[in-house]
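Participant: Residues 9 to 325 (our numbering) are what the sequence shown spells out, left to right.
Ideal Cβ placement from N, Cα and C applies to all residues, glycine included.
Keep in mind it's a predicted model, so treat the numbers as computed, not measured.
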Amino acid sequence: MDLYADPPGTELENATSFQSCLGGSSANIAVAITRQGGKASLISVVSDDAVGRFVRNQLADYGINADFVRTVAGQNRTSLAIVETRLSNCQSVIYRNGAADFALTDQDVLSPDYAKYGGLIATGTCFAAEPSRAATFKAFEQAREAGIPIILDLDYRPYSWPSQSDAAQTCLKAAKMCDFIVGNDEEFATLAGNHTAGKALAQKLADEKDALVVYKMGEKGSICFSGSQSINTGIFRVEALKPTGSGDAFLGNFITALAAGKGLEQSLQKGSAAAAIVVSKVGCAPAMPDIDQLQNFIDTHPGIKQEKEADHAHTAL
9 MDLYADPPGT ELENATSFQS CLGGSSANIA VAITRQGGKA SLISVVSDDA
59 VGRFVRNQLA DYGINADFVR TVAGQNRTSL AIVETRLSNC QSVIYRNGAA
109 DFALTDQDVL SPDYAKYGGL IATGTCFAAE PSRAATFKAF EQAREAGIPI
159 ILDLDYRPYS WPSQSDAAQT CLKAAKMCDF IVGNDEEFAT LAGNHTAGKA
209 LAQKLADEKD ALVVYKMGEK GSICFSGSQS INTGIFRVEA LKPTGSGDAF
259 LGNFITALAA GKGLEQSLQK GSAAAAIVVS KVGCAPAMPD IDQLQNFIDT
309 HPGIKQEKEA DHAHTAL
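The structure is reproduced here in structure tokens:
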């Protein structure tokens, strides 16, 4: 559950009103998919309380199948994020003490019939604690046996992990099992254990696995490695309200476009455009564009550019 200080621009310490919306990377990606006409099921755990029920209601409103979302009693709690809609010095306070989603078990991930789905998407946070870590690796095994692609958003959140070295080792192990990996330059550098070696690692993963790897570089755009091929993609410049949500929008829209048979460059364009839209609006899930909104943005925007000059506009990746 995300709570955004209202109106936009308000600092948390001065806020008296908040706008609530669905949150969490996995749910945001699922929303991005359904808003583009795709179908998504979520495998997760929520707490047996009002916040957990809020999440379930929101999933239903967005058309996301929650048959594999388990409710847990006791001290586990659905996470809460209290966030500002500000670009500069944007503050967020994340409550993940006893996070319910970390209670994911092998039994939870054995429930779906993976062969009925087009792919399995996981975020790096799923690996940050047990039993969720082992369960997510089990889900990867199930997806591999079913013959469906495995997609990983590195989504490194230091506060969720016991150490950076644990995150690097675990996420690298996961990445080597995947068909598609997406992350930003800092995340790949974390996996590489060297702040200058992230890009080389992204290229190596693409070469060795014949995987699709998207290496995001903020305002410098992104590089998509597909085997030995590389595609440089710029950004859609926008007046951003906040820095959050772009990665979820990019992945959800990119994957949905690929699944619909769009080419790699067109799919990258759609992901980049969706990311730009989301950072220019309040919230993450409610900011995800539908099919018409995304196409209209692409048709009316000056277009993707390999921007390097500094001004007051910001990027989408």
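1) For the alpha helix (DSSP H) containing Asn65, list its first residue and its last residue.
2) Anyone know if the C-beta pair for Asp116 and Phe76 falls short of 8 Å?
3) Among the residues of its own chain, which have a CB less than 6 Å from the CB of Asp109, if the five just before and after it don't count?
4) Please give the ranges of any beta strand (DSSP E) in the region 200-288, keeping only runs that are unbroken, at least 3 residues long and fully inside the region.
5) Report the three-state DSSP secondary structure of Thr131 (helix, strand or coil).
6) Taking the alpha helix (DSSP H) that Asn304 belongs to, which residues open and close that run?
7) Opposite Ile102 in the DSSP bridges: which residues?
8) Kindly confirm or deny that the region 41-51 and the region 259-267 touch, where touching means at least three C-beta pairs closer than 8 Å.
9) Which word fits Gly82, buried or exposed, when buried means at least 16 other C-beta atoms lie within 10 angstroms of its C-beta?
10) Between the Cα of Thr113 and those of Ala147, Thr308, Met185 and Tyr164, spot the shortest distance and give me the residue it belongs to.
11) Put Thr113 into one of helix, strand or coil per three-state DSSP.
12) Could you check where the beta strand (DSSP E) with Thr79 kicks off and where it finishes?
13) Whole angstroms are fine: how far does the CA of Val91 sit from the CA of Tyr122?
14) Taking all protein chains shown into account, do 16 or more other C-beta atoms lie within 10 angstroms of the C-beta of Gln99, making it buried, or fewer, making it exposed?
15) Compute the distance between the beta-carbons of Ala248 and Leu95, then report whether it is under 8 Å.
Facilitator: This is what the structure holds:
1) Ala58 to Asp69
2) yes
3) For Asp109, same chain residues with a beta-carbon under 6 Å away, outside a window of 5 residues either side, are Ser52 and Val53 in chain order.
4) 220-224, 230-234 and 237-241
5) strand
6) Ile299 to Thr308
7) Ala89
8) yes
9) exposed
10) Nearest C-alpha to Thr113: Ala147.
11) coil
12) Here the beta strand (DSSP E) through Thr79 covers Asn73 to Val80.
13) 35 Å
14) exposed
15) yes
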